[in-house]
Amino acid sequence: MKKLLLFLVLTCCFAQVHAEHLKGGFFTYRNTGQPGSSPGTIRYEVTLTVYMICIPVGTTDPRASATVPVTIFNASTNTEINTIDFPKINQYKIGKSVPEPCVTNTPLNCYYEVLIYRSNVDLAPSAGGYVLSYQRCCRIIGISNLQPPSNAVGNTYSINIPGTNLHPLGPTNSSSTFLTNDTVVICRNSFFRYSFQATDPDGDELHYSFCDAWVGGGQSTGPGTGPNTAAPNPAAPPPYPLVSYENGFSGTTPLGPQVTIDPNTGVISGIGPEIGEYVITVCVEERRNGRTIGFNRKELHVKVADCSVVKATLDPSYVNCNDFNVQFSNNSPNGVRTSSWDFGVPGISSDTSSLAAPPFSYPDTGVYMVKLVVNRGDQCADSMTAPVRVFPGFFTNFNWKGVCANFPTRFFDSTTTRYGVVDKWSWDFGDLTTGADTSRLKNPTYTYPTPQPYMVRMIVGTSKGCLDTVEKQVFITDKPPLAIPARDTLMCSGDTMQLRAVGDGLFSWTPNTRMLNANTATPLTWPTVTTTYTVRLDADGCIATDTMQVRVVNLVTLRMPADTTICLTDTAHLYAFSNGLRYLWRPSLETEESREVDRFVVPTLAINDYKVYSRIGHCIDSGMLRVRTVPYPKITLMGDTLICFRASVQLQASHNGTSFEWNPKTWLTNANTLTPVARPPDTTMYVLTVRDTLSGCPKPSFDTVVVNVTPRIHASAGNDTAVIAGQPLQLQATGGVRYEWTPGTGLNRTDVANPIGFYDIDPEYIQYFVRVFDPYNCVDSACVRVRVFRTEPSIFVPTAFTPNHDGKNDEVKPIAVGMRTIRFFRIFNRWGQLVFETTVNGQGWDGTIKGKEQNTEVYVWVCEAEDFRGARYFRKGTVTLIR
C-alpha cells in the first residue's frame, strides 16, 4: 500500500512538471573578446530566453527551472561535445494593463512569463562551428495552426556558432539579438504590424523570413532524461524534425496567406486570422560584406484576440472593367467614427464622401488614386490610398475543339477589350491527376488522359489591369459527339433525299453509290431499295460511327377513322392512320405541311367535311373525315331570386331535351318537375341538368338559378316591464330597420323602434305587438307586456326565495317601478360579506357564492335607484334563503 501511494505521488508530480507550458524561445551569443579558460578557446556569453505561460503572482512553478541543460554539438559531425547547466539570471512578466487607445476590446492580462538563462561557453575556433540546443516538452494545448494535439509536441531552441567554412570571420561573430517587446495586439480580421526586429552588435546586414518550428522532447514517462522525455538531458543531436501544421498553414505562412514578413525589417503585417493561438518562427540571416556569416531563429506563440483595430484599410487596388461605378468600403470598420473619402478625380472637389461605404461613378476611363481618412483630427486617425483602374468594355470567354481522350483538345481565348490589349493568360485544364495541366499561352492545347468531365478555368488580364476568371465544364469522351436527327426515315421511289449528321470533323458515308457529296455531313442520295447508311466522323484521328435507315416506298398508306358526331361548339379531333412524312388538311387549317397528322378544330356547320393529304416526297394520297355537329340541349330557366328566411319560392324552367335533373334536391318539393318549390334555410345554387339522347349530342347542358335567402330576423320588443301611472316609459325594439307597433295606446309614435308611452288610463296591463322589417321588407314580430301601477315610484324585493331550480322563485331580484335606473342593488351575509351586486333591473342572485350553494339564512339587501324626474330612492331590507 505504501509503494502504491508513493507511485501515485510521483506520478502526480511528474504530470505537473511535464504539463504543457512553453510559448516560445531563442538563443543569442556574444563574443566577449576574451580567451577561454583553455588555451586556444574563445569565451562566448550565451543567453537563452524562454517564454512560458504566466505564473500567478505570489506563487512558484517548478517548470520555471532554476537551471536548464544546454547541449553543445560539433556542427560538422552532429556529435555531442558537452552539456552545460545554464543558471536562471532573471524572470519577469510582459503583458498589457492599460487598453490600447485605438483598439476596441484590448486583451488586458499577462502575455508571457519570460525566463532568462545565461552562461559563459569556451569554444575553440573550428571549420564547421558548433550547434547549441535546448529541448523541452510541451507546448500549450489548442494551438490553431498545428495539428492536434499540440500539447503533445515539444520544442527545440537552437543556434549555430559559425566556423570558418561559413565565413573566415565566423568564430569572431556575435549573433543578432531579438527584442522582447512582444506585447503587440493582433485582432481577428484586422490589419496589424508586429516587429520581430533584431539588432546586430557587429553591424551585419540582417534578412528575415518565416521558417518551420522544430520538435524536441516527448511525453515518455520512462526513467532517465532521454530524447523522448519531457526534459532531455542531453538534447538530441541535429537535424531536428519539423512540427506538423494544420491545413492552410505552414512554416512560411504561419498566420495564413494574408500575413507576410518584410525581409528587410522583420516587420510582420497583414490581416489577422481567426481567434486562437499560433506558432510563429522567424529566421534571421546575418550577412557581412554580402556573405552569410550567421543564422538565428526566434519562436513565439502569438494570440489572436476578439478585438478590432481602428484602421483605414483599403484593397491593394480597385479594378472595374464592366462600367464606371466602383463600390468602396473600409475593410477595418470597427471603431471608426468618421470617414472622409477623396476619389481622386483631378480638377474637381465634388469627388468626396463621408459615408462609411460609398459608391462612386467615375467620369471617364483612367487610373485614379482613392484616399480614405478615418477619425480625422482624432488620436486614432488613420489614412490609406489605393489605385483605382476604370476601363469598361472587358468581355471574357473561351471555346474549344476536340473532346476525345488521348487526343489534343485545342482551347481558344475569345476575350475582347475596349481599352488596352489582352496580354495575360493563366489556364488550368482541371486534370486532377497532375500538376502540369496549366498554360500561359493564349490558345493552348491539352491532351486529357481519360473520358470524364473537367472544369477548365481561364484567368485572363489586360495591359490596363483588368482581370477576370471564366470557368467551363469540358466533357471529354472516348469518341467525338455524333448525332443523326433521323435514324429511320421514308422516301418515295424516284426521289432524292438529303441525309444529315451533326458533328465536328471529317465525314464519310457508306455505301456511297447513288450518292453525291459523300464526304460531307449532308450528302444527297437516291436509292431504289431500302438502304442502311453508315456515317464515319474523324475528329483529328478520334473516330465515331453511326447508322441510319432509308426505307424506299412506292406509295403512301392512308386509312381514315369513322365519321363522328359532336356537340356544337366542342373541339373535334382530326386524325388518320398513315406512313406519311408530311400532312396538309383542307379546308385550310394551315399554310404549310406539318410532320404531325393530328389536328384540333371547332366546327361551326352542321356537316363539316375535312380532307387530309399525306405525302412522302412525290408519293401522295388523300382521305376524308366528316364531322357532324348537334347543338346542346336548350334550357330556359328563371333568373336568380330573393326570398325571406323560412319563405319558399317556386322554380320555373323549360327545355328541349329528353330528361332533366335538379341538384341539390335538398329543400325541394316536387323535385322531379320543372316547377319545384324551394325552401332552403340559406342561399343555395340549384343546377338543372338536361340531356338529349335522341339528337346525337352526347353531353348534357347545365344552367343554374341562385335562391338568395335573407338573414333571419331576430325580432325583440324587450322584456316585460312595469310603470307608474303618470310617468313615461320608453320601449325598445331591435332586429330590423323598420317597425310597426300595435295597439298605439299611450304611445307617442308607432313607427319607430323606441316609442315612449304615457299611462293615465285604467287598464292594469297593456300588451304591445311590434312588427320588425329588414332591408328586404321581410318581417317578424315580438311582444312586450307593460304593467301600470297606481302608486309612487318604488322598488320591490321579495322577503324570501327558494333556489331549488324548479323555475319558481329561484332568484331574489329587484323590481324597480317608475325608475329610470338602478344605481346599485347589493346583498350581504350576516358577516358583512358582499355576496351579490347588480345595476340591472330584474337581475338577481341564485343563492350561491363562487358556485357553492348557501344554506338557509337571512341576508341584508340595500338598493338605490333614480326615477324619471331625477329623484333618488334608497331602500333596504332582509330576504330569507330557504332550502
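Letter by letter, the sequence shown follows residues 684 to 1566 of the numbering used here. Built from N, CA and C at the ideal position, the CB exists for glycine as well. Nothing here was measured: the structure is a model prediction, and the numbers come from that model.
Extent of the continuous beta strand (DSSP E) run through residue i
i               : result
histidine 984   : 974–988
arginine 1552   : Element bounds for arginine 1552: n/a, residue is neither H nor E.
leucine 1377    : Note, leucine 1377: premise wrong, no beta strand (DSSP E); not H, not E.
tyrosine 775    : 763–779
tryptophan 1110 : 1105–1111
valine 1053     : 1049–1057
threonine 1247  : 1247–1250
tryptophan 1192 : 1189–1193
Within 8 Å, strictly: CB atoms of residue i and residue j
i                  : j               : result
isoleucine 844     : tyrosine 712    : yes
tyrosine 727       : lysine 771      : no
valine 1086        : proline 1163    : yes
phenylalanine 1081 : aspartate 1096  : yes
alanine 1361       : valine 1390     : yes
glutamine 880      : glycine 977     : no
proline 1316       : proline 1383    : yes
phenylalanine 709  : glutamate 982   : yes
glycine 1030       : methionine 1052 : no
proline 1210       : leucine 1182    : no
threonine 742      : proline 752     : no
glycine 1263       : isoleucine 1226 : no
glycine 1440       : proline 1476    : no
aspartate 989      : asparagine 788  : yes
glycine 1527       : lysine 1496     : yes
tyrosine 923       : valine 898      : yes
alanine 1039       : asparagine 1014 : no
asparagine 1524    : arginine 1566   : no
7 Å CB neighbourhood of residue i in its chain, flanking five on each side removed
i            : result
tyrosine 763 : Reading the sequence as shown, one finds glutamate at residue 763 and not tyrosine. Result list for glutamate 763: Thr754, Phe756, Pro917, Pro920, in chain order.
valine 814   : Phe756, Ala758, Ser841, Asn843, Pro921
Rounded C-alpha distance that separates residue i from residue j
i               : j               : result
valine 1009     : cysteine 820    : 53 Å
glutamine 1335  : cysteine 1250   : 26 Å
arginine 1059   : aspartate 895   : 42 Å
proline 940     : aspartate 1111  : 21 Å
asparagine 1003 : serine 759      : 58 Å
methionine 1243 : arginine 1311   : 16 Å
valine 1284     : aspartate 1304  : 22 Å
lysine 1618     : isoleucine 954  : The first residue shown for the chain is 684 and the last is 1566, placing residue 1618 beyond what the model contains.
alanine 1166    : methionine 1231 : 10 Å
threonine 1404  : glutamate 1536  : 30 Å
arginine 1101   : valine 1057     : 36 Å
isoleucine 1407 : tyrosine 1422   : 26 Å
serine 802      : threonine 750   : 10 Å
leucine 1150    : glutamate 1275  : 52 Å
glycine 1224    : leucine 1238    : 43 Å
valine 962      : serine 833      : 10 Å
tyrosine 1296   : threonine 1208  : 25 Å
arginine 1552   : valine 1545     : 21 Å
glutamate 960   : threonine 1099  : 48 Å
proline 831     : arginine 980    : 24 Å
methionine 735  : aspartate 1061  : 37 Å
threonine 1117  : alanine 1222    : 25 Å
Whole-angstrom C-beta distance between residue j and residue i, which should lie under 8 Å
i               : j              : result
tryptophan 1350 : proline 1363   : 4 Å
asparagine 1089 : threonine 1130 : 6 Å
leucine 798     : arginine 971   : Contact flag wrong, Cβ pair sits at about 31 Å.
cysteine 870    : serine 952     : Wrong, their Cβ atoms sit about 13 Å apart, outside the cutoff.
valine 1236     : valine 1212    : Going by Cβ atoms, the distance from valine 1236 to valine 1212 rounds to 11 Å, so no, they are not a contact pair.
Residues near residue i in its chain [Cβ-Cβ closer than 6 Å; skip 5 each side]
i               : result
alanine 1465    : Ala1398, Ser1399, Ala1400, Val1453
valine 1543     : Phe1511, Thr1561
arginine 1020   : Asn1058
asparagine 1291 : Val1310
serine 1122     : Trp1110
cysteine 1063   : Cys785, Val993
Cβ-heavy atom distance, residue i to the ligand FMN, below 7 Å
i             : result
tyrosine 1102 : Among the components modelled here there is no ligand, and therefore nothing to report on the ligand FMN.
Close-in-space but distant-in-sequence residues of the same chain around residue i (CB under 8 Å, 5 per side omitted)
i              : result
threonine 1522 : Thr1504, Ile1505, Arg1506, Phe1507, Phe1508
proline 884    : Arg713, Ser857, Thr860
alanine 1255   : Thr1247, Ile1249, Phe1283, Val1284, Val1285, Pro1286, Asn1291, Val1310
threonine 1128 : Pro1091, Thr1092, Arg1093, Phe1094
Any chain D beta carbon closer than 8 Å to residue i
i           : result
valine 1541 : You won't find chain D in this structure, because it holds only one protein chain.
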